[in-house]
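J.: Going down the list, the protein sequences come from chains F and E.
Here the first sequence stands for residues 1 to 89, where the numbers follow the working numbering.
Here the second sequence stands for residues 90 to 658, where the numbers follow the working numbering.
Note that CB positions come from ideal geometry on N, CA and C, so glycine has one too.
Values in this document were obtained by computation on a predicted structure and should not be read as measured data.
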Amino acid sequence: MEKQYKITSSEGLHARPCTLLVSAVTPFSSDVQLTYDGRSVNLKSIMGVMALGIPADGIITISANGSDEEAAVEKAGAVILEEGIGVEV
Amino acid sequence: MLEIKGIGVSNGIAVAKAYCLVEPNLTFDKYEIKDFSEEKARLQRAIDLAKIELELIRNHAIKKFGKENAEIFSAHLLVLQDPEMRMAIESKIDKGINAEAALDEVASTFIATFESMDNEYMKERAADIRDVSQRILAKLLEVDLPDLTTIAEDVIIIANDLTPSMTAQLNKQFVKGFITDNGGRTSHSAILARTLEIPAIVGTKIATTSVEHNEMVVLDGSTGIAIINPTQEVVNEYEQKKEAFEAEQAALRAYIDQPSVDRDGHHVEIAGNIGRPDDAEVVKANGGDGVGLFRTEFLYMDRNDFPSEEEQYIAYKTVLEKMEGRKTVVRTLDIGGDKELSYLTLPEEMNPFLGYRAIRLCLEERSLFRVQLRALLRASIHGDLKIMFPMIATLDEFRTAKNFLMEVKAELIEEGFEVSNDIEVGMMVEIPSAAVIADLFAKEADFLSIGTNDLIQYTLAADRMNEKVSYLYQPYHPAILRLVKNVIDAAHANGKWVGMCGEMAGDEIAIPILLGFGLDEFSMSASSILHARAQISKLSKAEMKKHIDHILTLTTSASIENYVIENLL
Chain F
1 MEKQYKITSS EGLHARPCTL LVSAVTPFSS DVQLTYDGRS VNLKSIMGVM
51 ALGIPADGII TISANGSDEE AAVEKAGAVI LEEGIGVEV
Chain E
90 MLEIKGIGVS NGIAVAKAYC LVEPNLTFDK YEIKDFSEEK ARLQRAIDLA
140 KIELELIRNH AIKKFGKENA EIFSAHLLVL QDPEMRMAIE SKIDKGINAE
190 AALDEVASTF IATFESMDNE YMKERAADIR DVSQRILAKL LEVDLPDLTT
240 IAEDVIIIAN DLTPSMTAQL NKQFVKGFIT DNGGRTSHSA ILARTLEIPA
290 IVGTKIATTS VEHNEMVVLD GSTGIAIINP TQEVVNEYEQ KKEAFEAEQA
340 ALRAYIDQPS VDRDGHHVEI AGNIGRPDDA EVVKANGGDG VGLFRTEFLY
390 MDRNDFPSEE EQYIAYKTVL EKMEGRKTVV RTLDIGGDKE LSYLTLPEEM
440 NPFLGYRAIR LCLEERSLFR VQLRALLRAS IHGDLKIMFP MIATLDEFRT
490 AKNFLMEVKA ELIEEGFEVS NDIEVGMMVE IPSAAVIADL FAKEADFLSI
540 GTNDLIQYTL AADRMNEKVS YLYQPYHPAI LRLVKNVIDA AHANGKWVGM
590 CGEMAGDEIA IPILLGFGLD EFSMSASSIL HARAQISKLS KAEMKKHIDH
640 ILTLTTSASI ENYVIENLL
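Below you can see the structure in the form of structure tokens.
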């Protein structure tokens with residue numbers, strides 16, 4: 001289960017969007033991954049995600065593995081769209 | 090009496106006793122542990138205690154700064170509970186390392202990662218991680234972190250650096266300002282100082298070693314100067330400045346929602362110059378009528394490659410949306426010469442200010458220019474966009490640039506993009522040749538914007554970076570005034586509007602003259618907007634005309650300056 005998004009938030013994936021995303025997926029039991037530029041990190045780790053320094057226009061892939069993987073990916077996607085963080089590609 | 094200097098990051102003046110923040114002693118030993126699970130439990134307890142404290146700080150911050158400014162503490166809470174960080178620490182504990190050392194080693198790795206990033210914002214995040222890890226460390230060592238909420242008398246805080254969590258504890262009632270050794274304009278502490286409206290100086294390097302607890306301190310956040318142990322005379326002087334500053338701030342605030350009109354109701358526009366999308370907020374907060382100059386260089390700087398069309402589109406769209414329909418003038422890329430990009434190799438020049446730069450470079454490097462124009466045109470549907478070209482010297486340059494813009498526009502429409510049909514296309518008048526033949530340009534450009542910083546240095550042939558010739562940087566030189574007047578008259582004769590986006594537009598001596606000349610738009614740094622609006626509201630353009638006749642007969646910059654000071658301020 002995975003989905004791709006393009007970051008449209010003008011400052012890239014900064015503290016605020018990261019906080020929203022990490023908070024959104026933390027309650028799920030599945031492992032949730034974010035991949036950018038060939039590197040994958042745990043989406044429940046704010047430092048891992050921030051350390052990628054994802055700029056505006058960056059393409060990210062969200063994937064999950066576990067019993068609630070679909071719900072987790074969908075929740076992350078909903079936050080990205082609702083908060084104006086990015087658009088689906 | 091001792092004077093120290095740093096970066097003034099929040100305007101205002103404070104006079105109070107120094108409160109030297111005692112750095113908590115967080116030294117620890119690295120030692121071998123046997124009971125791994127007990128050590129992990131100890132780490133867990135420290136994290137839990139730190140979490141309770143941090144939640145209190147966040148709630149405090151929400152109340153004081155509002156939800157948006159307190160959001161950083163939600164991020165801190167996530168750092169505190171970061172699963173990757175926890176795993177890394179626990180795996181070190183499993184190797185027999187005590188929790189303090191394990192935490193410190195892991196946090197240091199993350200801090201180093203952020204500090205080495207090629208981006209000012211990300212560098213600042215290292216401070217967040219340090220702040221959180223120190224809180225956990227303090228809990229492990231059972232050491233109390235300084236609690237600034239207990240301060241109950243007027244003080245100026247002196248510290249190495251203020252962590253975000255410390256800044257959130259500041260009580261404006263007692264904390265009159267702060268001075269730090271480290272930090273920069275974009276540090277949390279700097280941003281929150283501006284939100285709280287308390288004066289602050291950062292990056293002094295020596296504040297903590299120069300000031301003793303309880304010593305008297307005078308702090309001027311506008312100049313970045315602090316005076317330790319001032320004489321009574323100096324204290325009196327700054328007390329007066331403080332009163333004047335506060336009275337002025339209060340008076341200026343009344344102009345935020347006022348129109349920009351002179352005493353007779355003649356309308357002008359007072360706009361802001363910006364360098365980043367976020368600056369648009371500052372222009373609005375200061376009541377600006379629009380953006381008179383958006384320098385797009387920032388998009389290209391501090392990075393390793395050219396920004397993509399999409400990235401630029403987002404930046405331009407953001408500014409246009411933030412300005413909510415107010416006029417937004419974007420200047421196309423002005424690099425080359427002294428403004429270098431690491432990823433664009435240009436030959437070194439003898440005279441960079443007279444060299445291959447701005448529109449000269451863009452017309453040669455069409456592919457680079459095309460990307461910017463595409464992004465701008467696509468963003469045009471999100472607000473009132475006006476585009477201007479920098480460093481235009483000849484009519485041919487303007488025509489070529491404008492034709493290319495039209496070509497790119499046609500391309501976009503063919504590709505199915507929506508592009509506004511009301512985009513005005515103008516130019517900067519900053520080269521004397523353009524100022525002299527402004528009448529020819531005014532027939533083809535939709536507007537002219539006078540860039541005085543360069544116009545002055547080119548007209549007087551004086552490098553403004555060279556201190557030896559800085560006396561020649563004379564905005565009121567009769568030649569400059571005549572050129573400015575010529576540009577304004579030429580534009581008006583052709584039914585076009587004229588703006589000015591150099592320092593001169595916000596200068597209180599120049600403003601009466603420019604108003605008299607009939608300048609339509611004054612664009613300046615956001616912090617000058619209200620001052621200019623207040624000044625213009627007391628002047629009369631009609632009355633200024635007779636002063637102008639006299640000013641134009643004066644022969645030197647000094648005599649013109651004196652005339653304005655004596656008659657028009």
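Can the beta-carbon of residue 304(E) be found less than 8 Å from the beta-carbon of residue 295(E)?
T.: In this structure, residue 304(E) lies away from residue 295(E), with their beta-carbon atoms at least 8 Å apart.
J.: Beta-carbon within less than 7 Å of residue 535(E)'s beta-carbon, same chain only, minus the 5 sequence neighbours each way: which residues are those?
T.: Once the five neighbours on either side are set aside, the close Cβ partners of residue 535(E) are 513, 514, 515 and 585.
J.: Taking a Cβ distance cut-off of 9 Å, strictly less, list which residues of the region 34-48 of chain F are near chain E, in chain order.
T.: 41, 42, 44, 45, 46, 47 and 48
J.: Does the beta-carbon of residue 639(E) have 16 or more other beta-carbons within 10 angstroms, so that it is buried, or is it exposed?
T.: Exposed.
J.: Suppose the cutoff is 7 Å on Cβ atoms and the five residues either side in sequence are ignored; what does the same chain contact list for residue 523(E) look like?
T.: Answer for residue 523(E): 481, 482 and 530, listed in chain order.
J.: Throw me the rounded Cβ distance for the residue 293(E) and residue 269(E) pair, which I believe falls under 8 Å.
T.: 7 Å
J.: Which same chain residues end up closer than 8 Å to residue 449(E) when comparing Cβ atoms and leaving out the 5 residues on each side of it in sequence?
T.: 425, 480 and 486
J.: Would you say residue 10(F) reaches chain E, if we count a Cβ-Cβ gap shorter than 8 Å as a contact?
T.: Residue-level contact check: residue 10(F) touches chain E, since one or more beta carbons of chain E fall below 8 Å from its beta carbon.
J.: Hey, how far is the Cα of residue 598(E) from the Cα of residue 283(E)?
T.: 28 Å
J.: Any Cβ of chain F within less than 8 Å of the Cβ of residue 291(E)?
T.: It does not: the Cβ of residue 291(E) has no partner Cβ on chain F nearer than 8 Å.
J.: What does the alpha-carbon distance come out to for the pair residue 235(E) and residue 630(E)?
T.: 57 Å
J.: When the cut-off is 8 Å and only beta carbons count, does residue 23(F) lie next to chain E?
T.: yes
J.: Determine the closest residue to residue 19(F) out of 338(E), 104(E), 141(E) and 169(E), with distance taken between C-alpha atoms.
T.: Measuring from the Cα of residue 19(F), the nearest candidate turns out to be 169(E).
J.: Taking three-plus beta-carbon pairs below 8 Å as touching, is the region 463-479 of chain E in contact with the region 402-421 of chain E?
T.: yes
J.: Could one say the Cβ of residue 147(E) lies closer than 8 Å to chain F's Cβ atoms, at least one of them?
T.: Chain F places no beta carbon closer than 8 Å to that of residue 147(E), leaving this residue out of the contacts.
J.: Can you find a C-beta in chain E that's less than 8 Å from the C-beta of residue 17(F)?
T.: no
J.: What does residue 211(E) reach in chain F if we use C-beta pairs closer than 8 Å?
T.: 50 and 53
J.: Rounded to whole angstroms, what is the Cα-Cα separation between residue 549(E) and residue 582(E)?
T.: Distance between the alpha carbons of residue 549(E) and residue 582(E) is about 27 Å.
J.: Give a yes or no on whether 8 Å exceeds the smallest Cβ distance from residue 160(E) to chain F.
T.: yes
J.: I want to see whether chain F comes within less than 8 Å of residue 168(E), judged by CB atoms only; does it?
T.: yes
J.: With a 10 Å radius around its C-beta and 16 neighbouring C-beta atoms as the bar for buried, classify residue 111(E) as buried or exposed.
T.: So residue 111(E) counts as exposed.
J.: Below 7 Å between beta carbons is the criterion; list the residues of the region 393-422 of chain E that meet it against any residue of chain F, in chain order.
T.: 397, 399, 400, 403, 404 and 407
J.: For the beta strand (DSSP E) that residue 610(E) lies in, which residues bound it at each end?
T.: 610-613
J.: Where residue 172(E) and residue 88(F) are concerned, what is the direct C-alpha to C-alpha distance, given to the nearest angstrom?
T.: Residue 172(E) and residue 88(F): Cα-Cα distance of roughly 27 Å.
J.: Within a Cβ cutoff of 7 Å, which residues of the same chain sit near residue 471(E), ignoring the five residues on either side of it in sequence?
T.: Excluding sequence neighbours, residue 471(E) sits near 406, 409 and 410.
J.: Please report how far the alpha carbon of residue 59(F) lies from the alpha carbon of residue 333(E), in whole angstroms.
T.: 52 Å
J.: Under 8 Å, with one C-beta from each stretch per pair, do the region 616-635 of chain E and the region 370-384 of chain E reach the 3-pair mark?
T.: yes
J.: Please confirm whether residue 72(F) has its beta-carbon closer than 8 Å to some beta-carbon of chain E.
T.: no
J.: For residue 384(E), which of helix, strand or coil comes out of DSSP?
T.: strand
J.: According to DSSP, is residue 302(E) helix, strand or coil?
T.: coil
J.: Grab the span of the alpha helix (DSSP H) containing residue 215(E) for me, first residue to last.
T.: 209-230
J.: Does the Cβ of residue 654(E) have 16 or more other Cβ atoms within 10 Å, making it buried, or fewer, making it exposed?
T.: So residue 654(E) ends up on the exposed side.
J.: Taking a contact to mean a Cβ-Cβ separation below 8 Å, would you say residue 364(E) touches residue 387(E) in this structure?
T.: Result yes, Cβ atoms of residue 364(E) and residue 387(E) sit closer than 8 Å.
J.: Touch check for the region 224-233 of chain E and the region 189-209 of chain E: three-plus C-beta pairs under 8 Å?
T.: yes
J.: In chain F, which residues lie with their C-beta within 7 Å of the C-beta of residue 171(E)?
T.: Below the 7 Å Cβ cutoff, chain F contributes 45, 46 and 47 as neighbours of residue 171(E), in chain order.
J.: Select from 621(E), 578(E) and 625(E) the residue whose C-alpha is nearest the C-alpha of residue 607(E).
T.: 578(E)
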